[in-house]
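Engineer:
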Amino acid sequence: PQKKPLVIVTRRLPDVIETRMMELFDCRLNLDDRPMSQADLVAAMKEADVLVPTVTDRIDAGTLSQAGENLRLIASFGTGVDHIDLKSARQRGISVTNTPGVLTEDTADMTMALMLALPRRLTEGERLVRSGEWTGWSPTGMLGHRIWGKRLGIIGMGRIGQAVARRAKGFGLSIHYHNRRRVHPDIEAELEATYWESLDQMLSRMDIISVNCPHTPATFHLLSARRLKLLHENACIVNTSRGEVIDENALTRMLTSKEIAGAALDVFEHEPAVNPKLLKLDNVVLLPHMGSATIEGRIAMGEKVIINIKTFADGHTPPDRVLEAMF
Ligand code: 8YV
Numbered sequence: 002p003q004k005k006p007l008v009i010v011t012r013r014l015p016d017v018i019e020t021r022m023m024e025l026f027d028c029r030l031n032l033d034d035r036p037m038s039q040a041d042l043v044a045a046m047k048e049a050d051v052l053v054p055t056v057t058d059r060i061d062a063g064t065l066s067q068a069g070e071n072l073r074l075i076a077s078f079g080t081g082v083d084h085i086d087l088k089s090a091r092q093r094g095i096s097v098t099n100t101p102g103v104l105t106e107d108t109a110d111m112t113m114a115l116m117l118a119l120p121r122r123l124t125e126g127e128r129l130v131r132s133g134e135w136t137g138w139s140p141t142g143m144l145g146h147r148i149w150g151k152r153l154g155i156i157g158m159g160r161i162g163q164a165v166a167r168r169a170k171g172f173g174l175s176i177h178y179h180n181r182r183r184v185h186p187d188i189e190a191e192l193e194a195t196y197w198e199s200l201d202q203m204l205s206r207m208d209i210i211s212v213n214c215p216h217t218p219a220t221f222h223l224l225s226a227r228r229l230k231l232l233h234e235n236a237c238i239v240n241t242s243r244g245e246v247i248d249e250n251a252l253t254r255m256l257t258s259k260e261i262a263g264a265a266l267d268v269f270e271h272e273p274a275v276n277p278k279l280l281k282l283d284n285v286v287l288l289p290h291m292g293s294a295t296i297e298g299r300i301a302m303g304e305k306v307i308i309n310i311k312t313f314a315d316g317h318t319p320p321d322r323v324l325e326a327m328f
């Protein structure tokens, strides 16, 4: 029988996934669930045939240059691949896979939760009750803004963007989007979505912005200080994508000066660090990168990782192979 590939996993995964991996592969788990140090990561990459990293592992050109000859596949546990230098991986003949599709609906759900939480002051209200300072109902108490009838501008109309649009339609929002290219007319028709070729123009006309694009060199600080200023003062931003897409300092300044109404953020530019000024603001909702954090989703992600490794080890192209050209 074929020798089993040595698979090194950098973080704890759901039990069923770890068990299955141990059966199928010569698998080494990282039993303490902390991000590996860069030195341990390099050591793993020197030894492994297959590395299973997550978003918390930085696999840049320097790290890749120290990989061992055996390393042929990086089967990432997650959809975003901005933590991996795809070009360097390709140049070294290392394939990269991710886990798209299985966390679309969960991430879209969390996007909606944030989209509602912000204008309806959900977390502020919860803080009020917990503080014991709630004095009872009042006609003017805890007034927020309705989202029904508002304009939602989605940046990035891939799987997650479309799943957000589908839900948002049900909440009575009108759907607008900016994307590198227009989506298929049938999808546009189904979502009753309006395409904006110019992001600047879209920004200036929206009530809510949802960031759903990947982080790539082209989308780094896509919402720059200049672009954020195009938003009107009642507009708010939801980000379940990557913190790097928004200039977090500029956003914090504008939230502090109330030049925009609010932001609901599941992701940050320098995770797990969060700009301390954001923590002091009432017009923000802050979550610890949990957009896709469901048990069902994590198991489905693990199953994808397993299929990708198995297919690769059997000598075929894995189903979720990531190519630079995709971004
Ligand atoms: C995961 C994510 O938690 O898949 C992604 O891109 O951001 C999250 O859903 C993380 O990536 C796991 O590696």
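Residues in the sequence shown are numbered from 2 upward in steps of one, following UniProt numbering.
Idealized CB from N, CA, C, for every residue including glycine.
1. How many whole angstroms separate the CB atoms of methionine 22 and isoleucine 296, which I take to be in contact at a CB cut-off of 8 Å?
2. Out of Met203, His177, Gln163 and Ser199, which one is the CA nearest neighbour of isoleucine 188?
3. Can you tell me which of the three DSSP states alanine 90 falls into?
4. Helix, strand or coil: how does DSSP classify leucine 174 here?
5. Does the Cβ-Cβ distance between threonine 108 and threonine 217 come in under 8 Å?
6. When DSSP labels each residue in this structure, what does aspartate 41 get in the three-state scheme?
7. State the Cα-Cα distance for the pair methionine 46 and cysteine 214, rounded to the nearest angstrom.
8. When burial is assigned at 16 or more other CB atoms within 10 Å of the CB, is asparagine 99 buried or exposed?
9. In the structure shown, what three-state DSSP assignment does arginine 29 receive?
10. May I ask you to verify whether the stretch 83-101 touches the stretch 111-118, counting CB pairs closer than 8 Å and requiring at least 3?
11. Taking DSSP as the reference, what is the three-state secondary structure of serine 96?
12. What did DSSP end up calling leucine 144 once you bin it into helix, strand or coil?
13. Could you tell me how far apart the beta carbons of isoleucine 9 and valine 53 are, in whole angstroms, since I believe they sit closer than 8 Å?
14. Compare the beta carbon distance of alanine 265 and leucine 229 with 8 Å and say whether it is the shorter of the two.
15. Straight-line CA distance for aspartate 267 to alanine 294?
16. Is it the case that the stretch 132-140 contacts the stretch 149-161, given that we only count it when at least three CB pairs across the two stretches are under 8 Å?
17. Less than 8 Å between the C-beta atoms of asparagine 31 and arginine 59, yes or no?
18. Does the stretch 143-159 touch the stretch 177-184, meaning 3 or more C-beta pairs lie closer than 8 Å?
19. In this structure, how does DSSP classify alanine 76 when only helix, strand and coil are distinguished?
20. Find the nearest neighbour of alanine 274 within the set Glu234, Leu287, Leu282 and Ala262, judged by alpha-carbon distance.
21. Would the C-beta of valine 246 count as close to the ligand 8YV, meaning under 7 Å from any of its heavy atoms?
22. Apply the 10 Å Cβ neighbour rule to aspartate 61 and answer buried if 16 or more other Cβ atoms are within range, or exposed otherwise.
23. Using the Cα positions of proline 120 and methionine 37, report the straight-line distance between them to the nearest angstrom.
24. Nearest to glycine 263 by CA position, among Val285, Leu279, Asp248 and Arg73, is which residue?
25. Compute the Euclidean distance between the alpha carbons of glutamate 51 and lysine 278, then round it to the nearest angstrom.
26. Can you give me the C-alpha to C-alpha distance between threonine 64 and glycine 133, rounded to a whole angstrom?
27. Which runs of the beta strand (DSSP E) at least 3 residues long sit entirely within the stretch 99-165? Give them in chain order.
28. For the beta strand (DSSP E) that glycine 303 lies in, which residues bound it at each end?
29. Below 8 Å between beta carbons: does that hold for glycine 81 and arginine 243?
30. How would you write the range of the beta strand (DSSP E) that isoleucine 264 sits in, first residue to last?
Structural biologist: Concretely, from the data shown:
1. In the sequence shown, counting from the first residue as 1, residue 22 sits at position 21. In the sequence shown, counting from the first residue as 1, residue 296 sits at position 295. Wrong, their Cβ atoms sit about 17 Å apart, outside the cutoff.
2. Counting from 1 along the sequence shown, the entry for residue 188 is found at position 187. For isoleucine 188, the nearest C-alpha among the options comes from Gln163.
3. Here residue 90 refers to the residue found at position 89 of the sequence shown. Residue state, collapsed to three classes: helix.
4. Here residue 174 refers to the residue found at position 173 when the sequence shown is read from its first residue. Secondary structure at leucine 174: coil, using DSSP grouped into helix, strand and coil.
5. As a first step, residue 108 is located in the sequence shown; it is residue number 107 there, counting from the start. As a first step, residue 217 is located in the sequence shown; it is residue number 216 there, counting from the start. With contacts defined as CB atoms closer than 8 Å, threonine 108 and threonine 217 fail to qualify as a contacting pair.
6. The residue labelled residue 41 in the question sits at position 40 within the sequence shown. Three-state DSSP puts aspartate 41 in a helix.
7. Residue numbering aside, residue 46 sits at position 45 when the sequence shown is read from its first letter. Residue numbering aside, residue 214 sits at position 213 when the sequence shown is read from its first letter. Put simply, the backbone Cα of methionine 46 is about 29 Å away from that of cysteine 214.
8. Within the sequence shown, residue 99 is the residue found at index 98, counting from 1. Classification of asparagine 99: buried, given that the 10 Å Cβ count is 16 or more.
9. Position 28 of the sequence shown, counting from 1, holds the residue named residue 29. Strand.
10. Two segments are said to touch when three or more pairs of C-beta atoms, one from each, lie closer than 8 Å; by this definition the stretch 83-101 does not touch the stretch 111-118.
11. Position 95 of the sequence shown, counted from the first residue, corresponds to residue 96. In the structure shown, serine 96 sits in a strand (DSSP, three-state: E or B).
12. Counting from one through the sequence shown, the residue named residue 144 turns up at place 143. Shown here, leucine 144 sits in coil according to DSSP, grouped into three states, outside any helix or strand.
13. As a first step, residue 9 is located in the sequence shown; it is residue number 8 there, counting from the start. As a first step, residue 53 is located in the sequence shown; it is residue number 52 there, counting from the start. Yes, they are in contact, since the Cβ atoms of isoleucine 9 and valine 53 sit about 7 Å apart, within 8 Å.
14. Locating residue 265 in the sequence shown gives position 264, counting from the first residue. Locating residue 229 in the sequence shown gives position 228, counting from the first residue. Not closer than 8 Å, so no.
15. Position 266 of the sequence shown, counted from the start, is the residue given in the question as residue 267. Position 293 of the sequence shown, counted from the start, is the residue given in the question as residue 294. The alpha-carbon atoms of aspartate 267 and alanine 294 are separated by roughly 11 Å.
16. Contact fails between the stretch 149-161 and the stretch 132-140, because fewer than three Cβ pairs, one in each stretch, are under 8 Å apart.
17. On the sequence shown, position 30 is the one that residue 31 refers to. On the sequence shown, position 58 is the one that residue 59 refers to. No. Outside cutoff.
18. A contact exists between the stretch 177-184 and the stretch 143-159.
19. Working through the sequence shown from its first residue, we reach residue 76 at position 75. DSSP places alanine 76 in strand when its eight states are reduced to three.
20. To locate residue 274, count along the sequence shown from 1; it is residue 273. For alanine 274, the closest alpha carbon among the candidates Glu234, Leu287, Leu282 and Ala262 is that of Leu287.
21. The residue you call residue 246 lines up with position 245 of the sequence shown. No, since every heavy atom of the ligand 8YV falls outside the 7 Å radius drawn around the Cβ of valine 246.
22. Within the sequence shown, residue 61 is the residue found at index 60, counting from 1. Sixteen is the threshold: since fewer than 16 other Cβ atoms of the shown chains lie within 10 Å of the Cβ of aspartate 61, the residue is exposed.
23. Residue mapping note: residue 120 aligns to position 119 of the sequence shown, counting from 1. Residue mapping note: residue 37 aligns to position 36 of the sequence shown, counting from 1. Distance between the alpha carbons of proline 120 and methionine 37: 38 Å.
24. Here residue 263 corresponds to residue number 262 of the sequence shown, with the count starting at 1. It is Val285.
25. As a first step, residue 51 must be located in the sequence shown, where it is residue number 50. As a first step, residue 278 must be located in the sequence shown, where it is residue number 277. The question names glutamate, yet the displayed sequence has valine at residue 51. Valine 51 and lysine 278: Cα-Cα distance of roughly 41 Å.
26. Stepping through the sequence shown from its first residue, residue 64 is reached at position 63. Stepping through the sequence shown from its first residue, residue 133 is reached at position 132. Rounded to the nearest angstrom, the two C-alpha atoms are 51 Å apart.
27. The stretch 99-165 contains these whole beta strand (DSSP E) runs: 152-156.
28. Stepping through the sequence shown from its first residue, residue 303 is reached at position 302. Looking at the DSSP string, glycine 303 is not in any beta strand (DSSP E); the run it does join, the alpha helix (DSSP H), is 296-314.
29. Taking the first residue of the sequence shown as position 1, residue 81 is located at position 80. Taking the first residue of the sequence shown as position 1, residue 243 is located at position 242. Their beta carbons are under 8 Å apart, which means glycine 81 touches arginine 243 by this criterion.
30. In the sequence shown, residue 264 corresponds to position 263, counting from 1. It is worth fixing the name first, because residue 264 is alanine in this sequence and not isoleucine. Counting along the chain, the beta strand (DSSP E) containing alanine 264 begins and ends at 263-266.
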